[in-house]
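Residue numbering for the sequence shown follows this note's numbering, starting at 946 and increasing by one per position.
Note that CB positions come from ideal geometry on N, CA and C, so glycine has one too.
For clarity, every value in this text was computed on a predicted model and none was experimentally measured.
The block underneath contains the structure these notes are about, expressed in structure tokens.
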Amino acid sequence: MDKIIINDLEVSYRIGVPDEERAQPQRLLLTIEMSHDFRPATATDDIGKTINYYAVSQRMLRLGENKSWRLLETLAEEIAGIILKEFGATSVQVEIKKFIIPEARWVAVRIVR
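See the structure below:
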């Protein structure tokens, strides 16, 4: 299956188990791999027959407005649902990197739907 990949999209979301952690937006990196059959788009050169990665990135940048999550897993599931329902991907892989443990470069959650 063909894929469109958005790699390390930087977003700021309120996320974390303790209330204090959700008090301020945190920097996260999103990597989203979206499966889709490109043949209809390549046959017609029509962006309407593929996944518009700019529209996906703008949707992800706005997703955190007036929202918060406790778990990365919950956020990843929400993003996957948006990609499948709103953008018509046949499958999606979502990876979210968070920079919360000082001794680690990052921690991540990855799901495939």
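With distance defined between alpha-carbon atoms, name the residue in the options nearest to residue i.
i     : options                     : result
Y998  : E978, V1052, G961 and A1021 : E978
R1055 : T1019, D964 and I992        : T1019
A986  : I949, R1058 and Q971        : I949
I1027 : F983, A1049, R972 and R1058 : R1058
R1050 : R972, S980, D964 and Y958   : R972
Tell me the rounded alpha-carbon separation between residue i and residue j.
i     : j     : result
N1011 : K1043 : 19 Å
L974  : V956  : 6 Å
E1040 : I951  : 10 Å
M1005 : E1031 : 12 Å
K994  : F983  : 8 Å
Return yes when the Cβ of residue j is within less than 9 Å of the Cβ of residue i, no when it is not.
i     : j     : result
V1052 : I1045 : yes
I960  : L1008 : no
Spatial neighbours of residue i within its chain, please: CB distance less than 8 Å, with the 5 preceding and 5 following residues excluded, ordered by chain position.
i    : result
H981 : M946, D947, K948, I949, T995, I996, G1033, A1034 and T1035
Task: 4 or more residues per run - each alpha helix (DSSP H) lying fully within the stretch 991 to 1035 - done: 998 to 1008 and 1017 to 1032
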